[in-house]
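Here is the structure we will look at, set down as structure tokens.
In the working numbering, the protein residues as written are 4 to 484.
This is the structure:
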């Protein structure tokens, strides 16, 4: 979850030995819940007060700072999830099953720990958690997270120094904490009291001196205890949380008395703790004291919501897909109808064009045939003139002209005739005739196939003294185009 979202929606219930405090999302105090005495119940007292300050259905996180909260922080090697559960069960059952109570654990990586990891185990009486849950249920609120005070404080610290020595101040008192890496070495759960009327947000020189005396006494006693029990620890800094500003006289007095560098770690202790709770809650392996059955029920509820949400989204997606498909189907049908209309129009136009084309083609063929016939007649006429224009002395016996089939106009002819001798040989007129034919455009003559020349004699009854002494008979063929 987003820590910013958590901080903006959750109320916080700080439970201490002397009662409880209700904070809003910014750490402002909304209500003080008194300590419950014997014979009274959290539900009847705390429930009424919470109902006055919490909206219906509010989410609440609990910060446990009671003296009966048992914290164990041990170094450990890497452990699987199953091995972590076995170790934790042995620790919480060490005093007997009846002393188990409500417990939770966290397994953190810690380079300063032997084995590289740190196992946190927190335990407190289960009756307390049941009473707190009853009070929240009575007020119409729900518990979303619960963690120990010192765990939230550890998560709220900045930096990765090996030693962390902190002083947490609030109007009613202060607490001293010492961490080494992820290990909690020392914590005074019961806050040492501060003088009445001391305003931490408006310190003058006199009040700074009073605060310095109290802090110096408590811190000196704690540092002396640390040096006796943990001889290898060397302290260099003291980080103070809860003062808006560090007065110069206070810093000078503490640095001189404790021989430590005094640094400010945050102006508001509630804001510091809320930041740590947000980080701890958003961390997957955070320490959560909410009972396991409630966490399981919440996970099942979230899983059910997730499943139903996924199902609804799937149905909506299927509906949207069906709508899109139907829309596409309608669009395709409209496109098909318009395409069919266009196809029919093109088909009609094509048929009309074919019909017109056939008519025009017939007319063109007829015109072409007429033109061809005209050209044939003209060419035949020219050929006939050429063939029948014979020189003097040539007589044509037979002229056969045929048109050759094909695209072009071409005629084939065969001629047989005779040539008589007058003043020259009879083949002279034949040569003149052949020359005329060759001069005709498009004329192609075949080689002469048959030419015979013979003397001419007088026949019975014919006058003597013929002038034509010889006669030439010939046959020739060719083509004209």
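Virtual Cβ for every residue (Gly too), placed ideally from N, Cα, C.
- One alpha carbon belongs to residue 408, the other to residue 415, and they sit about 10 Å apart.
- Taking 8 Å as the upper bound for CB-CB distance, residue 26 and residue 17 are in contact here, some 7 Å apart.
- Here residue 412 carries a coil assignment [DSSP, helix/strand/coil].
- Taking C-beta separations shorter than 6 Å and ignoring five residues to either side along the sequence, the partners of residue 249 in its chain run 267, following chain order.
- In this structure, residue 91 lies near residue 124, with their beta-carbon atoms less than 9 Å apart.
- Note: residue 293 is not bridge-paired with any residue in the DSSP secondary-structure output.
- Look at the beta carbons and you see the stretch 268–275 not touching the stretch 143–152: under three pairs across the two are nearer than 8 Å.
- For residue 180, the CB contacts under 6 Å within the same chain, skipping 5 residues up- and downstream, are 169 and 190 in chain order.
- When the Cα atoms are used, residue 354 and residue 360 turn out to be separated by approximately 9 Å.
- In the DSSP assignment, the residues bridged to residue 398 are 421.
- Spanning the alpha carbons of residue 282 and residue 178 requires a straight line of approximately 21 Å.
- Excluding five sequence positions before and after residue 183, the CB atoms of its chain that fall closer than 8 Å to its own CB belong to 115, 165, 166, 167 and 236, given in chain order.
- Ranking 186, 259 and 95 by CA distance to the CA of residue 77 puts 186 first.
- A direct Cα-Cα distance of roughly 28 Å separates residue 212 from residue 161.
- Here residue 353 carries a helix assignment [DSSP, helix/strand/coil].
- At the C-beta level, residue 272 and residue 245 come within 9 Å of one another.
- Residue 150: member of the beta strand (DSSP E) spanning 145–151, first to last residue.
- Pairing residue 291 with residue 142 gives a Cβ-Cβ distance that is not under 9 Å.
- With the rule of 3 Cβ pairs closer than 8 Å, the stretch 358–378 does not count as touching the stretch 398–406.
- Look at residue 390 here: in three-state DSSP terms it is helix.
- Of the residues assessed, residue 434 falls on the exposed side of the cut-off, its CB having fewer than 16 other CB atoms within 10 angstroms.
- The criterion of a C-beta distance shorter than 9 Å is satisfied by residue 104 and residue 126.
- Cβ-Cβ distances below 6 Å link residue 432 to 394, 396, 397 and 422 in the same chain, with the five nearest sequence neighbours on each side left out; the list follows chain order.
- Within its own chain, the residues whose Cβ lies closer than 8 Å to the Cβ of residue 257, once the five positions on either side in sequence are excluded, are 215, 218, 219, 222, 241, 263 and 265, listed in chain order.
- With distances taken between CA atoms, residue 71 lies nearest to 131 out of 234, 131, 352 and 311.
- Between residue 15 and residue 327, the alpha-carbon positions lie close to 49 Å from each other.
- Inter-residue distance for residue 390 and residue 373 is about 25 Å (C-alpha atoms, whole angstroms).
- In the structure shown, residue 446 falls within a strand segment according to DSSP collapsed to helix, strand and coil.
- Sixteen is the threshold: since fewer than 16 other Cβ atoms of the shown chains lie within 10 Å of the Cβ of residue 364, the residue is exposed.
- Listed as beta-bridge partners of residue 481 by DSSP are 416 and 448.
- In this structure, DSSP gives residue 124 an extended state, which the three-state scheme calls strand.
- Bounds of the alpha helix (DSSP H) holding residue 210 are 208–232.
- When C-alpha distances from residue 419 are compared across 66, 234, 453 and 122, the shortest belongs to 453.
- Within the same chain, and ignoring the five residues on either side of residue 457 in sequence, the residues whose Cβ sits closer than 7 Å to its Cβ are 473 and 474.
- Along the stretch 257–283, the alpha helix (DSSP H) does not occur as any fully enclosed run of 4 or more residues.
- DSSP, read as helix, strand or coil, puts residue 365 in helix.
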